[in-house]
Every structure is written in structure tokens, then in C-alpha cells.
Amino acid sequence: MSEYNDATLAIRAGVRQTQEQENSEAIFTTSSFAYASAAEAAAKFSGDADGNVYSRFTNPTVEMFEKRLAALEKGEAAIATASGMAALMTLGYSLLKAGDKIVCSRNIFGSTIKFFNTYMAKYGVEVAFVDATDYEAWEAEIDSKTRLCYFETPSNPLYEVVDVPRVAQLAHAQGALLCVDTVLATPALQNPLTQGADIVMQSATKFIDGQGRCLGGALIASQEIVNEFVAFMRSAGPTMSPFNAWVLLNGLETLSLRMKAHSENAQILAEYLEQHPKVVKVNYGGLPSHKYHELASKQQKGFGGVLSFELAGGQESAWSFIDNTKLMSITGNLGDTKTLVTHPATTTHGRLSDEEKVKAGIKPGLVRLSVGLEDIQDIIKDVEHALESI
Ligand SMILES: *Cc1c(COP(=O)(O)O)cnc(C)c1O
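In this note's numbering, each number is its position in the sequence shown, counted from 1, plus 321.
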């Protein structure tokens, strides 16, 4: 389907129609598949014949989601996983062994730091953290033992933007692979695989679903790398359920329309916040004043729906703001049609030590908003009222 453009791929790629001739994609809620003969079963299990074996690693609905996502990310193949963290686990356990080194941005999702620091380190993998946008630090840490480089762009919640081709070049010079988490941008706004990355990691839980209904994750890469992930999936089983794959497959159809609308609302809100006297700083790539505006404009097709801002008065102000909102939901999630408000220092980043928080720039007065698709005037009214109440 590579002759088609993204809007078409989002709706048509990966479709696998059955003999029932359904027009909407089917959900295959089956754990196993039944064969005409013992010989056919043997051929499918050994891989001599193509076909479904067992839904831990082959399911037609999950495969439709994988094919469609790979088409949108401009990758050869994809593997779907039970959650974003299951994708990270699949990445780590498939590609790394004792003695290998990961060089990782420290400005990343809290659970990602924990997984690398606790579980990868436990099996003898060395982990070095660098400042995401300090390219000299990347260069200094990436050595011949380095097998994987990893960062998020744009980062959550501070909207730091990392130059993908630049880190890719540093990684490749030492024979390392680069994996980029673009959960905030989604394939609708950025394709790191066309910018030098080897692997993209997605939490489909966020904007790909877009309505906060279910968890999912994925890794997108060359067929050769994805084959390693499939081998791990077959043995370890952090599998996406067919129902979730069906929800997420439908989510992909409207992803680019939703990302456009999220970006428009977030831009208006960021501009509103920036001129408000109680707001110290707004972190959003769409603001010309933002440190990474130029790089984000070059690498991305839009700025997305997540922003954060800093209030004077620390945690007390931040909590007072949050508790005085009426419309938005207080939750740790992001990427929903509903506007969501989060206090990173005590929730998503709450497991970091105080020292780790300082290093990651997670200040007590920081509030994150995942700007939804409600009427922007209603969102602004909610923010205005909550700011006045501090
Ligand atoms: C949510 C998130 C993850 C983890 O995904 P889950 O689906 O919640 O397991 C990883 N990275 C980023 C940037 C996220 O926002």
C-alpha cells in the first residue's frame, strides 16, 4: 500500500477481510487456531507454512493493527504489546545482554527510568543517563559497549526536543541502535524512522487510542529487528489483546484529525497561559518563545496536545490550581479527548528521589495539561477560574 498517502493508510492499511466479507475489521477473540490435519499444524508451528499459531504471538486483529501502525510510522514491520511498558520490556530483553550499555536521556517517563535502572541493571546491563539535549554528553557516553541509545521527543512534561539525526549519527558511529519514544507526537506528527532512528516505541494507550479506554504499546523497526521482538513475544508473552488491537486500529483512523485538533487547542491555551501574570513559564513547542520551537518546527508536523506550566508558590499553588478546576479530569494519563490535569512531582514522577526530580527538572510548581477536544473557550474558562483561585 506504499503508493498511498497517510490519510488513506490510516484507514486502509493492514485490512484483512475474511470469507464473511465484512467491511469493518473483525475482532478475532480466539486463543488458538484449528487445522485440517496434523501435518498442517506441524507446518504452521515450525514456520514452514505461514499462518496463525497461537494468539500469544499471532492474531489477525493484532496483526492488522501492527501493519497499519508500521505503514504510518514508515517502518517495515511492527509488534504490538500489552502496554507501552511491555514494549519497553520487549525492547530491553530482546536486544540487550550482560555487559551491554544503554545510554539514555534522563528526561523520560518515570517507569522507563525504573525499568532500565532496576531490571536491566539487575541483569548486568550498564545504564548511563545524559541530558537529552547535551550532544557532547551523548558523544562522551556512547562507547563500543553501547548497544542502545534511548530518548523521548518531545519529552514529557517539559517539552524538550531532541535532534533525532544528530543522536542517530552518534549512536551509529559506535554501532549502537537508536530507539525513540514519540508517544507525545504520535506517527501523525513525527516519523523518527525517516530521521535516522532504528526503532520507534509507542504507548498506544495515549493519543493512538485517544479516548482513554485501553492500554497498548508497540515497537516499529526493520523486519530483521522486529523478528527478534517476535521471538521474545513467543517465549515471554506480553501480548496485546485482540479487543484492544481492534479499539486501537480504529483509533489510528482518526489519529491525524485528532492530533490537528489537539494541537490547535493546546496552541491557544499555551498562548493564553504565557500572558497570565500567575504563570512563571510555559513549556510548549508551539510557542515561538520556547527554547526548542525551531527544532520542533523542523522535525514535527505539529506540536501536539501536551503542555506544562510552572506556578510560583510550589506544590501548594499547583495543588490549589488542580483542585479548583471543574471541567478537566485530575488523572495521570494523557492523550484523551477529555482535558487532563496532572501534578508530575507527586504522581507520574513521584517515584523519583528528590535529587532525580531536580535533575529531571520536575519542579513542585509544575502542572501538566493534556489538552482535550472540548470547546477551547470552555477549557480556558476552567483554567482562568482555577488560576484566580490560587
Ligand atoms: C505512558 C507512557 C509510556 C508507557 O506506556 P503505558 O502504555 O502506560 O505502559 C511510555 N512513554 C511515555 C512518554 C508515556 O507517556
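For glycine and all other residues, C-beta sits at the position ideal for the given N, C-alpha and C.
Is it right to say residue i is buried, meaning 16 or more other beta carbons lie within 10 angstroms of its own, or is it exposed?
| i | result |
| --- | --- |
| F550 | buried |
| N477 | buried |
| V451 | buried |
| E343 | exposed |
| E394 | buried |
| Q516 | buried |
| R534 | exposed |
| Y444 | exposed |
| N428 | buried |
| A419 | exposed |
| M322 | exposed |
| E709 | exposed |
| A544 | The amino acid occupying residue 544 in the given sequence is Gln; Ala does not appear at that position. Answer is exposed; the Cβ neighbour count stays below 16. |
| G558 | exposed |
| A357 | exposed |
| P598 | exposed |
| G372 | exposed |
Taking DSSP's pairing of strands, which residues face residue i in a bridge?
| i | result |
| --- | --- |
| K422 | E447, T467 |
| C535 | For C535, which the question treats as bridged, DSSP gives no partner whatsoever. |
| M522 | D502, L540 |
| T402 | G538 |
| K602 | E631 |
| R689 | S629, T663 |
| F472 | V501 |
| Y375 | S353 |
Cβ atoms of residue j and residue i: under 8 Å apart, would you say?
| i | j | result |
| --- | --- | --- |
| G538 | S415 | no |
| T646 | D703 | yes |
| Y480 | Y593 | no |
| V688 | S629 | yes |
| R672 | G431 | yes |
| Q523 | V501 | no |
| T669 | T660 | no |
| F553 | T411 | yes |
| E574 | V601 | no |
| G531 | T658 | yes |
Please look up how many angstroms separate the CB atoms of residue i and residue j, rounded, as I've assumed it's under 8 Å.
| i | j | result |
| --- | --- | --- |
| L417 | M441 | 6 Å |
| L608 | A587 | Actually they are not in contact, since the Cβ atoms of L608 and A587 sit about 10 Å apart, beyond 8 Å. |
| R389 | A334 | 4 Å |
| K422 | D464 | 7 Å |
| E460 | A449 | The Cβ separation is near 12 Å, so there is no contact. |
| V482 | A617 | 5 Å |
Hey, could you find the ends of the alpha helix (DSSP H) residue i is sitting in?
| i | result |
| --- | --- |
| S584 | 563–595 |
| E631 | From DSSP, E631 is part of no alpha helix (DSSP H) but of the beta strand (DSSP E) over 627–632. |
| K619 | 614–620 |
| M385 | 381–394 |
| P508 | 507–510 |
| A363 | 359–367 |
| K527 | From DSSP, K527 is part of no alpha helix (DSSP H); its letter is neither H nor E. |
| R487 | 485–494 |
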